[in-house]
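Student: I have a structure here, written as structure tokens, and I will follow up with some questions on it.
In my numbering, the protein residues as written are 1221 to 1307.
This is the structure we're talking about:
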């Protein structure tokens, strides 16, 4: 049996919502990397739909972080504002 190399990973365009959402939480300390991915996904979903509040999106991600929810919300809000997103 031969092993094939994995397929190449395509990066999101620099101006995409995905890149913005995942970049916003890229250095949030989490218990596992997948916790950061869930947080980024919930931020992306909030940016796309604007359903609920940003705090609810962060809470609903269920990400296990080493920071309090309030600090994460402030960090995400500040970074989104720096990128021109009205929060």
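C-beta: ideal position from N, C-alpha, C; glycine also. For clarity, every value in this text was computed on a predicted model and none was experimentally measured.
(1) Take residue 1293 and list the residues in its own chain whose beta-carbon comes closer than 8 angstroms to its own, dropping the five residues that flank it on each side.
(2) Short of 6 angstroms in beta carbon distance, which residues of its chain neighbour residue 1232, apart from the five on each side in sequence? Order them along the chain.
(3) Can you tell me where the alpha helix (DSSP H) holding residue 1249 begins and where it ends?
(4) Enumerate in chain order the residues of its own chain whose CB-to-CB distance from residue 1249 is below 8 angstroms, with the five nearest sequence positions on each side excluded.
(5) On the DSSP bridge assignment, give the partners of residue 1285 in chain order.
Tutor: A quick look at the data gives this:
(1) 1274, 1275 and 1278
(2) 1238 and 1239
(3) Note, residue 1249: premise wrong, no alpha helix (DSSP H); not H, not E.
(4) 1285, 1286 and 1287
(5) 1250
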